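Undergrad:
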Amino acid sequence: MAKSCGKYHNQLSEQEEVDFLAPSRLASYRLVYNFLFDSEQLTPQDNVIKTFTTRVDTLPGATFVIVSPEYNGLLDMVTPEYQLEVANYIEMAKNKSDRERQIGKEKSAVFTGRFVRHPLNNQLLPVWASDFVLGGYGTGAVMADAHDSRDCELALQYGIYINETVSEDGKPRENFLDKIKEGYVFEDYGVLFRSEKYNGLTSEQAKEVIADDLVAMGKAEKQVNYKFRDWVFSRQRYWGEPFPIEYVEKDDGEVEIRLLEDSELPLVLPDLEDFEPSKDGRSPLAKSDWTRVDERTTREADTMPNWAGSNWYYLRFCDPKNSQEFASQKNLDYWLPVDHYFGGGEHTTMHLLYSRFGHKFLYDQGLVPTMEPYDYRHNGGILLGSDGSKMSKSKGNVIIPDDKLETVGADALRLYVCFIGPYDATVTWIEGGLNRCKKLVDDIWVLREKVDDNKADKSLVVAYHKMLKKITGYLESQKNNVAVSELMSFVNILKEQTGINREIWQNFVLVLAPFAPHLAEELAIIEYLQHTQKSEADIDWETLNKEYGSIHKDPWPKYDESYTVDDEVTYAVQVNGKVRADFGINAEATEEEILTEAKAIVTKWLEGKDLKFHKIIPGKLVTLVVK
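Numbering (the numbering used here), first residue to last: 1477 to 2103.
1. In whole angstroms, give me the CA-to-CA distance for glycine 2095 and aspartate 1851.
2. Who are the near neighbours of glycine 1908 in its chain, counting only those whose CB is closer than 6 Å to its CB and skipping five residues on each side?
3. Determine the DSSP secondary structure at proline 1602, reduced to helix, strand or coil.
4. For glutamate 2067, which residues in the same chain have their Cβ closer than 7 Å to its Cβ, ignoring the five residues on either side in sequence?
5. Give me the residue from Asp1878, Val1603 and Arg1626 with the minimum Cα distance to arginine 1890.
6. Do tyrosine 2047 and leucine 2097 have their beta-carbon atoms positioned less than 8 Å apart in this structure?
7. Proline 1993: which of Asp2030, Asp2016, Val1708 and Leu1859 sits nearest, CA to CA?
8. Which runs of the beta strand (DSSP E) at least 3 residues long sit entirely within the segment 1745 to 1812? Give them in chain order.
9. What do you get for threonine 1539, buried or exposed, if any count of 16 or more other CB atoms within 10 angstroms of its CB means buried?
10. Considering only C-alpha positions, which residue in the set Trp1905, Asn2052 and Ser2011 is nearest to histidine 2090?
11. Would you list, in sequence order, the uninterrupted alpha helix (DSSP H) runs of no fewer than 4 residues that lie entirely inside the segment 2050 to 2077?
12. Check alanine 2013 in the structure and name its three-state DSSP category.
13. For a quick check, are the C-beta atoms of alanine 2065 and valine 2049 less than 8 Å apart?
14. Between the C-alpha atoms of aspartate 1863 and glycine 1819, what's the straight-line distance to the nearest angstrom?
15. Please report the straight-line C-alpha distance between lysine 1673 and glutamine 1633, rounded to a whole angstrom.
16. Quick one: measure Cβ to Cβ for valine 1661 and glycine 1646, integer angstroms, because I've assumed they're closer than 8 Å.
17. For a test of the three-state rule: what should DSSP assign to proline 1898, helix, strand or coil?
18. Please report the straight-line C-alpha distance between leucine 2071 and valine 1938, rounded to a whole angstrom.
19. Do you know how far the Cα of glycine 1785 is from the Cα of valine 1985?
20. What's the gap between the Cα of tyrosine 1558 and the Cα of glycine 1949?
21. Are there 16 or more other CB atoms within 10 angstroms of the CB of serine 2011, so buried, or fewer, so exposed?
22. DSSP puts histidine 1854 in a beta bridge; with which residues?
23. Three-state secondary structure (DSSP) at leucine 1843?
24. Are the CB atoms of valine 1927 and isoleucine 1976 nearer to each other than 8 Å?
25. In or out: tryptophan 2032 buried (at least 16 other Cβ within 10 Å) or exposed?
26. Might you give, ordered along the chain, the residues of its own chain that have their beta carbon closer than 6 Å to the beta carbon of lysine 1781, omitting 5 neighbours on each side?
27. Could you give the C-beta distance for serine 1584 and aspartate 1621, rounded to a whole number, given that I count them as a contact under 8 Å?
28. Give the range of the beta strand (DSSP E) segment to which isoleucine 2115 is assigned.
29. Could you pull the DSSP bridge partners for isoleucine 1542 from this structure?
30. Along the alpha helix (DSSP H) that carries lysine 1570, what are the first and last residues, could you check?
31. Please report how far the alpha carbon of leucine 1502 lies from the alpha carbon of leucine 1829, in whole angstroms.
32. Just reading off the beta strand (DSSP E) that arginine 1593 is part of, what are its end residues?
33. Looking only at its own chain, which residues have a Cβ that is under 8 Å from the Cβ of valine 1844, when we skip the five neighbours before and after it?
34. Please give the ranges of any beta strand (DSSP E) in the segment 1655 to 1722, keeping only runs that are unbroken, at least 3 residues long and fully inside the region.
35. Out of Pro1990, Ser1935 and Ile2077, point me to the one whose CA is closest to aspartate 2043's CA.
36. Sort Ser1544, Lys2080, Tyr1714 and Val1987 by Cα distance to alanine 1605 and report the nearest one.
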C-alpha cells in the first residue's frame, strides 16, 4: 500500500498551511553518510556503516555509533570475542515489540568490538548495538551524541563518552554531564561550539553547510525519510466495505479480473446470520451464496477493514442525510477542512496519513474542495493510575467513571479531566484533584446567593475582564487545565465579595458553561426565573425550552481590553544569578527608568563593582551582572 501512495509522499511532507504536530509529519529530509571501520580485516563492502540523521548540526559532536539488532551484516562486523554476546542480544530483541523497544525505561546495548572513523574529524568512535534503534527505520544505524535523550541514557548507563556541541547561545554549559544526569538534555536547535570550523553557526545554517561539505567529499547523500507503515487488510469482517471486483472463468480456464462499472455500484453486502470466520481461514463472506454470481463468476470475498471507512467518515458528517452523494459541494465548501482533529498518538503514522492520502485522491478527482482534510491535529496524552503506572485491571488502578459520577457528579469529573493536565501530556490521576474540583462546584453553587443588582467595584470588574481574556485564550490554545485554574482563582475573588454584580455573574456562568455544563445551565435557569419573576412550579420544561432555550446557545462574552492592562507591574531583580529584591513600577515605564529603579533597590550588591551586563524581560525580570 505504501508504494501505491507514492504520488502523495512529497505533498504530505511539503504541506505548509496545515498545523500538524511534528511526529505527524510524513517526511523529513535526512543525510545518509558513511562511517568507515578502522579495520583491515573487513572486506571493502563490509567496511562501512551507512547511518542517517535529521540533525546534521549535531554530527560534529557524535562520539559513538548505534546499530539495530537487525542491522544487515551485524554479526559479520563483530569481533570474535563479542560474537556470542551480540548473537544472544539479537535473539533477545526478537522477543520485544517495536513499542517496547522504544519506550523501555532502561536502555540496553552491547559493544561490537569495532570502531569507525568520524567522517568530519577522523576520530575513532565505538560501535554499539541497541534495540531502541529499529531496523526498519532509516538505515538501521545512527550516530549518537549528547543532544538526544535516548543516546544520553545509553551513554550514562554504559560509561560511553559524550560531548555537547550545541547550546542556546553557543557557549558550553557548566557541568553539562550533571545536568544531563538530572534529565536536562539540550535537544533544541541552537548555536554550535566545539565544532571546529562550524563554530558559531546556527543549527539551521550548520545543517546545510555540513551536509554540503560531506556530499562534496563523497561521504554522504541527501535523502527523504518517510515515517509511515503499511496498514494491512488481514483483519477480515464481513461488514467491511466490499471490493467491487469479480473473477470470471474463461473457456480456456484462465480467470479474468473484472472491475464493476459505476452503474453497478454500490455493491451491497448481504444479510448474514452466520458471520463467523471460516475454519479454512477464508473471509466470512466466502461461506455465503452472495459471492457466487453465476457458474463462472464469483465476487471478491475480502472486505476492507474498519479503518478504511474511518479514513473518510468526517466527510459524511458534512451532509449525513444526502442519498445522492457522500456530501454536496455546498456543504463541503462550508465545513471543510476539519478545524481541530483530536486523537491518539498511535494513529500518527497509520490512520492519520492514510486518511490524508485518501483525501488527496478525492481532491484530485474534484470531489472535495481542499487538499488537506484537517486544519489542526492534536494528539492526546495518557492517563496513568494513582500509583503512577499505566491503568490496568490486573493492577487494580483503573478509574471507573460511573463510580465517580455517583460520588462527585458529572461536572466535577469533567472539570477534573480538564484540570488534570494538558491534553497531550501523560498525567497521573490524583483523587485530591478531583475533590478540589468538587469543592469548586459546591462553592459556585453557594455563590449564587450573593448575586445582586448593585454596581460592581472596579477591582471586581478588572478581575473579571482579566479572567475572561485569559480563559478565552486558553480555550483557543487548548490549555484547559490552566483555564480551570483561572476559574478557581476568580471564584476565590468572588468568595471575598459581599455582593456579586448580576451582569458579571451571568457572564461568569457563560464562561463556566464549557467546563461545567449542567451547573451552568441550572444557574442560568435560576437567573431566568428571577428575571421573569417565575418559580419552577410555574413553568414546565417544554415551555422553558421555548422561552429561554439554553445557555449553551448564547454567544461567548467579550472582554474589555482597557481593564486587562496593569497600571503597575512587578519586576524581580537578579544580581549575578541570584534574586535579591523586587519592585513595582508603572507599566508604561521606559527601559531606562526600569533599570534605574532596579539598581537603586539593590545598591548594596552593586557597591564597588562595575555593571558589565543587564537584561530586562518586560513585566518580569531585571538581570544584572557585576564584577
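Beta carbons: idealized from backbone N, C-alpha and C, even for Gly. The model shown is predicted, which means the values in this text are computed figures rather than measured ones.
TA: According to the structure data:
1. Between the alpha carbons of glycine 2095 and aspartate 1851 lies a distance of about 34 Å.
2. Answer for glycine 1908: no residue qualifies.
3. DSSP places proline 1602 in strand when its eight states are reduced to three.
4. Non-local beta-carbon contacts of glutamate 2067 in its own chain, meaning distances under 7 Å to residues more than five positions away in sequence, involve Ile2092 in chain order.
5. Residue Asp1878 is the option with its Cα nearest to arginine 1890.
6. Yes, Cβ-Cβ distance for leucine 2097 and tyrosine 2047 is below 8 Å.
7. Checked all of Asp2030, Asp2016, Val1708 and Leu1859; the closest Cα to proline 1993 is Asp2030.
8. Listed in chain order, the complete beta strand (DSSP E) runs (minimum 3 residues) inside the segment 1745 to 1812 are 1773 to 1775.
9. Classification of threonine 1539: buried, given that the 10 Å Cβ count is 16 or more.
10. Selected option, being the one with the closest Cα: Asn2052.
11. Segments of the alpha helix (DSSP H) lying fully in the segment 2050 to 2077: 2067 to 2077.
12. Reduced to three states, the DSSP call for alanine 2013 is helix.
13. Taking the C-beta atoms as reference points, valine 2049 is found no nearer than 8 Å to alanine 2065.
14. Separation of aspartate 1863 and glycine 1819 (C-alpha to C-alpha, rounded to the nearest whole angstrom) is 25 Å.
15. Their backbone Cα atoms lie some 32 Å apart in a straight line.
16. The distance from the Cβ of valine 1661 to that of glycine 1646 is about 18 Å, inconsistent with a contact at the 8 Å cut-off.
17. In the structure shown, proline 1898 sits in coil (DSSP, three-state: anything other than H, G, I, E or B).
18. For the pair leucine 2071 and valine 1938, the Cα-to-Cα distance works out to about 28 Å.
19. Looking at the two C-alpha atoms, the distance is approximately 40 Å.
20. The straight-line gap from Cα to Cα measures roughly 58 Å.
21. Exposed, by the Cβ-count rule.
22. Looking at the DSSP assignment, histidine 1854 forms a beta bridge with Phe1818.
23. Note: leucine 1843 maps to coil in three-state DSSP.
24. A distance below 8 Å separates the beta carbons of valine 1927 and isoleucine 1976.
25. It is exposed - the Cβ of tryptophan 2032 has fewer than 16 other Cβ atoms within 10 Å.
26. According to the sequence shown, residue 1781 is proline rather than lysine. If you ignore the 5 residues before and after proline 1781, its C-beta comes within less than 6 Å of the C-beta of Phe1709, Arg1711 and Gly1716, all in its own chain and listed in chain order.
27. Their Cβ separation, rounded to whole angstroms, is 19 Å, which puts serine 1584 and aspartate 1621 out of contact at 8 Å.
28. The question about residue 2115 has no answer, for the chain in this structure spans 1477 to 2103.
29. The secondary-structure analysis by DSSP pairs isoleucine 1542 across a beta bridge with Trp1604 and Val1618.
30. For lysine 1570, the uninterrupted alpha helix (DSSP H) run begins and ends at 1559 to 1570, by DSSP.
31. Note that leucine 1502 scores a pLDDT of 44, beneath 50, so its modelled location is shaky; the value from the coordinates is reported in the next line. So the alpha carbons of these two residues sit roughly 7 Å apart.
32. Start and end: 1585 to 1593.
33. For valine 1844, the CB contacts under 8 Å within the same chain, skipping 5 residues up- and downstream, are Leu1791, Leu1808, Leu1812, His1835 and Leu1838 in chain order.
34. Taking only runs of at least 3 residues, the beta strand (DSSP E) segments lying wholly in the segment 1655 to 1722 are 1696 to 1702.
35. Measuring from the Cα of aspartate 2043, the nearest candidate turns out to be Ser1935.
36. It is Ser1544.
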